[in-house]
Each structure stands twice: as structure tokens, then as C-alpha cells.
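Asker: Structure in C-alpha cells, see below.
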Amino acid sequence: MTRRNRTAALAVLTLVTLLTASCGGAVQDSAAMLPKAAPLERAYRSVSTAKQLTIWTYYNITKDVERFRSEHPDVQVNVATFANGSYVEAYLNGLAGGSPPDILLLDNRDIGAFNTIDGLEDLLQPPYGGQSYKAAIPGNVWKLYSSFDRERMISLPIELPTAATYYRRDLIESLGLPGDPAELGVYLENPEHWLELARKLKAQDRYIFQWEAEPVEVAAMQGNYLQEDLNFARNKPVYQQALEVAKTVHREGLALRSSVQTDPGQEALRSGRLAMVYLGRWGADSLERWAPETKGLWSVTRLPMNLYGWNGGSSLAISSRSQSKELAWAFARMTTQLGVPRPDSGFLDMSPFDVLYTYGQTFVERQTPSPFDRKLEELWTESVTDILENGTHSGSGLRFIESQANSMIEKDRERLLRYLGKNKLERP
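Positions 65 to 492 (my numbering) are the ones given, in order, by the sequence shown.
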């Protein structure tokens, strides 16, 4: 593709992405759309205000900012925090408007909203040092941090989002089941063993599922909604198997029916009513925050059903129109944990996770985040709920979702593939 054609393509794809991110509604190119809450709710001031760094984020980064300020006392750091559910639209408006930030914190599950647009720096190019970090990112998850064509590095991961099973070892062993991480990982490869564990714990009013659909959510940690050719990726035996497990959870009442993001869910962690959760590396810190009194009771192993996947995680992108690119890169380098040993808090032994972190991502499916992911997430969630509640045949349900997904994005898919240089649609 020539540079001229690429520029034209990016212009069109920006429009496609903006329309998709707003779930079908028009996104106005106006700074007035930014954000409803005060955008700069905290400024870390210094004696001199000649140097400034503006950061947009969807979660609290106070500790990182304070650390950066201690290393750069002459820099004023402005932070805007957006609601998780609405930050994508605000970011896209900001990049298209007149006053974009210097740094944007991105959730890995939303990278598809940004990987076909212009406006973000290629961190593989000078003055950045993205090449040294790229070597630490397995090729099959590279697309979580690259442009759709894989040519540009548009964000720097804070850490690889390896997914794992966190479990109360004491409660598992009290049932006569293996508590050793390696042994439990092998035991849970069989979905019937996963269900048997859930049944035994339910007899004690304890649970290993927050909601009925969680087995499907765990299976979904292995990959995105679409394949490389932008056809639906989840009509596979493993999803059918996960749906069957979820149906049993629904039928037998094996779910707690509370989320760890809520007070009842966190109380269940503290009391031992919730004995297993499936989270990324960030889960260890969260468990310590949610249930500090359970220190020393947790362990960690790989996902059930012999699955390998990712969950959550964030990355840092730099606006192409930033006036403080060197400072932005300094903040990104300071924040990333790639290649940096994580300190041991003593809450739980993370050595099994360190082993999983080293090799687990190499078993994850080749990732293909797309501008259509938010639309497809809504379709997927609603459809899985319908399958469980109505007892729909799992295979038929997946075929229906596939048909709906491919139909929903067909025109935009053709446009995207055409501008990526693929004249003929590839079919699986």
C-alpha cells in the first residue's frame, strides 16, 4: 500500500472506528464532548510550570504519578480519569479534537477501538525504544499492542495479562482434592472435575463461580471475537464444552451470584464462600486489597480445561500531537513492568504464576482485536445468557451467534479488509 493510499485508508478507518465505538451513533469531533466529569481533576504542581504532561486514564494511577513527580519535580502532571464504560468514546473524541492528551491508558479489551486509526505514535520508531520491549511480547499477543496490520507498536503493555486460577488451597485440600498448583491444574483439565469441585464446595455453601456464565467467560479468555480474516472466532468445540459446563452450573445452582467487584462478592472472599476466581496478574493485588485477612490461604495455577488466556491488563499510548513526547515515553518506561521482577507482598506464593507468566502466553490463540469488539461483546453476552436461560442447544446457539456477528459487521468488515489491501474476502 502506498503512503498516499495508507493515509486515505486511515482517514476512512478512523470514521469506521468512531462509528463502531459509539455503538452506531455519530461521534462529534468536538472538545465539548469531553468528558462530563472535570477532565483535569488533579494536577501535581511544581515550582516551574514550563513542562507539562497530561495523562488520560480509566483507573486510579496516583501512585505512578507521584513516583514520576518525585523523579521529575519540574514537571506539572495533569490527570483526567474517565469512567471505564465511557472512556473509549471520550479518548477518540480527544484524539480527533484540538487538545489531545500526551498519554492514554488503554484497557487491553478496548485496543481494537484504536488499532485502525491515526493519531497514536509508533513506539518502534525514534525517539522511542519500543523494539527492546517488543522482544518480551509473544507474537500471538503482539496485536494487543500493535496496529491492525501489525506494523506499528501503538501502546506499551504495563505487563502481560496472563490469566490464572486463584484458589483457596486450604478449602480445596479439606475436600481431599489436590492443593498443589501443578496437580490441581492437571485435575481441572477435565471439565467434569471442575463441576465436581463446585458440587462438593456447594455442599458447604462455598462456590467457585461468581455467575452461571463464568465457565464461558473463562473459555473466552483465550481469544478475541474475530479471526485474522475478521470472521467469527468462537464457534469452536471448546466454547460448546464451556456452555455445557455453564448450563450445569445454572441448573444445579452452583454459582454465588455475586461479583468480586461488589461488597457482597468481596465479603464472600473474606468469609471463604468464594473459593476460586479467574483473573490476570492483577488479581493477586486485588485479592490482597479485597480480603487481606486471607493472607497465606491462596494459591494460583493455570486455567481449567487446559486453557491458556489473558484477562484485563492495560497499556500506554502516546498521542502523535503530544508536545511532551520525551516525558510521555519516560512515564511509560517507568510504568511498564515488562522485564521487571514483581515484588513479593507475602500475601500468596506467586512462584507458580511466574512459571505460567513465562510460557503461558505462548499457548494463547493468535489475538485479533478489532474495531467491532464492543458491538460483538454485547451480542455475545446477551446470546450466552439466552442460551443458558432457555436451554438452547450449545452448537445451535453458537451457530446463531456466528451468523449474527458476521451479518452485523459485514459491510464495515469489507471496507476494513479492502483498505488493508485484501481485495477478496477470506472465508474459513
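The beta carbon of each residue, even a glycine, is placed where N, CA and C say it ideally should be.
Let me make sure I understand the geometry here. Which of Q325, M369, G376 and G373 has the alpha-carbon closest to that of L351?
Answerer: Taking the sequence shown and counting its residues from 1, the one referred to as residue 351 is at position 287. Closest option to L351, Cα to Cα, is Q325.
Asker: Rounded to whole angstroms, what's the CA-CA distance from D128 to L169? Just pull it up for me.
Answerer: Residue mapping note: residue 128 aligns to position 64 of the sequence shown, counting from 1. Residue mapping note: residue 169 aligns to position 105 of the sequence shown, counting from 1. Distance between the alpha carbons of D128 and L169: 12 Å.
Asker: How long is the line joining the alpha carbons of D166 and I218, rounded to whole angstroms?
Answerer: Residue 166 sits at position 102 when you count from the first residue of the sequence shown. Residue 218 sits at position 154 when you count from the first residue of the sequence shown. Taking the straight line joining both Cα atoms gives about 13 Å.
Asker: For the structure I just gave you, are there three or more beta carbon pairs, one from the stretch 221 to 231 and one from the stretch 396 to 412, closer than 8 Å?
Answerer: The answer is yes - the stretch 396 to 412 touches the stretch 221 to 231, with three or more Cβ pairs under 8 Å.
Asker: Give a yes or no on whether the C-beta atoms belonging to R131 and T226 are separated by under 8 Å.
Answerer: The residue you call residue 131 lines up with position 67 of the sequence shown. The residue you call residue 226 lines up with position 162 of the sequence shown. Not in contact: R131 and T226 (Cβ atoms no closer than 8 Å).
Asker: Anyone know if the C-beta pair for L380 and L117 falls short of 8 Å?
Answerer: Locating residue 380 in the sequence shown gives position 316, where the first residue counts as 1. Locating residue 117 in the sequence shown gives position 53, where the first residue counts as 1. For L380 and L117, no; Cβs fall outside 8 Å.
Asker: By DSSP, does A147 sit in helix, in strand, or in coil?
Answerer: By 1-based counting over the sequence shown, the position of residue 147 is 83. Here A147 sits in coil by DSSP.
Asker: Identify every residue that forms a DSSP beta bridge with L208.
Answerer: Counting from one through the sequence shown, the residue named residue 208 turns up at place 144. DSSP output for L208 lists no bridge partner at all.
Asker: Out of A394, P202, P301 and W362, which has the shortest C-alpha to C-alpha gap to F427?
Answerer: Numbered from 1 along the sequence shown, position 363 holds the residue referred to as residue 427. Nearest C-alpha to F427: P202.
Asker: Smallest Cα separation from S467: which of N299, D138, R315 and F411?
Answerer: As a position in the sequence shown, residue 467 is number 403, starting the count at 1. Ranking the options by Cα distance to S467, first place goes to N299.
Asker: Relative to the alpha-carbon of P191, which residue among P301, K439, D476 and K389 has its alpha-carbon at the smallest distance?
Answerer: Mapped onto the sequence shown, residue 191 falls at position 127. Considering only alpha carbons, the answer is K389.
Asker: Within a Cβ cutoff of 6 Å, which residues of the same chain sit near A11, ignoring the five residues on either side of it in sequence?
Answerer: Examination of residue 11 is not possible in this model, given that the chain is present from 65 through 492 alone.
Asker: If N179 sits next to P433, beta carbons under 8 Å apart, how far is it from one beta carbon to the other, in whole angstroms?
Answerer: Taking the first residue of the sequence shown as 1, we reach residue 179 at position 115. Taking the first residue of the sequence shown as 1, we reach residue 433 at position 369. N179 to P433, Cβ: 6 Å. Contact.
Asker: Using the C-alpha atoms, what's the distance from Y251 back to L307?
Answerer: Counted from its first residue, the sequence shown places residue 307 at position 243. Counted from its first residue, the sequence shown places residue 251 at position 187. Each residue's Cα considered, the two are about 20 Å apart.
Asker: How about I382 and A394: are their beta carbons less than 8 Å apart?
Answerer: To locate residue 382, count along the sequence shown from 1; it is residue 318. To locate residue 394, count along the sequence shown from 1; it is residue 330. No, the pair does not count as a contact, with Cβ atoms beyond the cut-off.
Asker: Where does L412 sit, in a helix, a strand or coil, going by DSSP?
Answerer: The residue you call residue 412 lines up with position 348 of the sequence shown. Coil.
Asker: DSSP state of M472, grouped into three classes?
Answerer: As a first step, residue 472 must be located in the sequence shown, where it is residue number 408. It is helical.
Asker: In terms of residue numbering, what span does the beta strand (DSSP E) encompassing M217 cover?
Answerer: As a working mapping, residue 217 is identified with position 153 in the sequence shown. Neither: M217 is in no beta strand (DSSP E) and is coded neither H nor E.
Asker: Quick one, which of V364, E276, S409 and Q268 has its alpha-carbon nearest K311's?
Answerer: For this step, residue 311 is matched to residue 247 along the sequence shown. Of the listed residues, the one whose Cα sits closest to K311 is E276.
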